[in-house]
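Down below is the structure, laid out as structure tokens.
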Amino acid sequence: MAEEARWYVVHTYSGYESKVAGAIMKAAENRRMLDLIQGVNIPEEFVTEHTDEGEKTFKRKIFPGYVLVKMILTDESWHLVHNVRGATGFVGSDGKAIPLTDQEIRDMGVERHEIEVAFAVGDTVRITEGLLEGYLGTVEEVDIEKETIRVRVSMFGRDTPVELDLHQVESAKD
Numbered sequence: 328m329a330e331e332a333r334w335y336v337v338h339t340y341s342g343y344e345s346k347v348a349g350a351i352m353k354a355a356e357n358r359r360m361l362d363l364i365q366g367v368n369i370p371e372e373f374v375t376e377h378t379d380e381g382e383k384t385f386k387r388k389i390f391p392g393y394v395l396v397k398m399i400l401t402d403e404s405w406h407l408v409h410n411v412r413g414a415t416g417f418v419g420s421d422g423k424a425i426p427l428t429d430q431e432i433r434d435m436g437v438e439r440h441e442i443e444v445a446f447a448v449g450d451t452v453r454i455t456e457g458l459l460e461g462y463l464g465t466v467e468e469v470d471i472e473k474e475t476i477r478v479r480v481s482m483f484g485r486d487t488p489v490e491l492d493l494h495q496v497e498s499a500k501d
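Terminal number for the sequence shown in the numbering used here: 501, no gaps in between.
Listed below in structure tokens is the structure:
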């Protein structure tokens with residue numbers, strides 16, 4: 328399949344989130360559709376409550392009544408999810424499921440991408456893409472969350488700070 332799986336939001340009866348999530352994965356497995364329906368997530372957070380009896384830590388659903396499904400949207404996958412007991416439909420307009428944006432997925436912490444950086448502040452890096460390709464610079468700041476790096480590059484006898492994406496630089500130690 329050429330299409331990439333995206334995250335969709337499914338509305339459920341309140342309190343049925345876990346049952347719906349399990350039923351979706353079970354139905355996908357039974358119908359051999361795990362290539363179309365690749366995962367289910369119920370966003371939760373740990374909450375610590377301070378009471379007279381001490382601290383209590385428990386899990387709380389961030390979006391009660393909703394389940395996130397990573398799937399390739401086809402008629403078959405739509406019907407499978409839509410017909411699970413407890414699921415009332417996809418979030419979208421006019422009956423069409425609308426996928427979450429990459430930013431929404433990052434903000435909710437649904438998918439975490441580990442980023443390893445082979446350089447630190449003060450290291451020399453080579454710019455591999457863009458207008459300054461081939462230039463060397465010194466790392467001033469690395470922002471893992473934004474996936475950017477600020478490099479000081481010497482151009483025309485002046486040091487100039489440049490902000491780049493992490494994939495646009497490599498360690499100059501090679």
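Each residue gets a CB set at the ideal place from its N, CA and C atoms; glycine is no exception.
Bear in mind that the values here come from a model prediction, so they are computed numbers and not experimental data.
Spatial distance of residue i from residue j (CA atoms)
i	j	result
R485	L459	14 Å
A355	Y393	19 Å
A329	S481	Annotation note: pLDDT 47 at A329 (below 50); position unreliable, coordinate value reported separately. Their Cα atoms are separated by approximately 44 Å.
M352	A424	18 Å
V367	A447	36 Å
D492	N410	43 Å
G416	Q430	23 Å
R477	S341	46 Å
N357	F385	33 Å
D470	A445	13 Å
F483	G461	15 Å
A414	G381	37 Å
D362	D421	26 Å
Three-way DSSP call (helix, strand, coil) for residue i in this model
i	result
M360	coil
A424	strand
R433	helix
A329	For A329, the pLDDT reaches just 47, beneath the cut-off of 50, and the residue's location in the model is therefore unreliable, leaving the point undetermined.
I351	helix
V337	strand
E403	helix
Beta-carbon separation (whole angstroms), residue i vs residue j, contact threshold 8 Å
i	j	result
P426	W334	6 Å
I369	A348	6 Å
K397	A332	5 Å
L463	R479	About 10 Å; that fails the 8 Å criterion.
E474	P488	About 17 Å separates the two Cβ atoms, so there is no contact after all.
M435	E403	In fact, because the Cβ distance is near 27 Å, the residues do not count as touching under 8 Å.
Among the options, the one whose alpha carbon lies nearest that of residue i
i	options	result
V336	L400, E443, V374, R359	L400
G449	K500, A348, K383, P370	K500
E472	R433, P488, S404	R433
T465	E382, S498, G457	S498
G457	K397, G422, V496	V496
I389	H377, H494, E372, D402	E372
Per DSSP, cross-strand counterpart(s) of residue i
i	result
V448	Its beta-bridge partners do not exist; DSSP assigns none.
V411	In the DSSP output, where bridge partners are listed per residue, V411 has none listed.
G464	V452, V480
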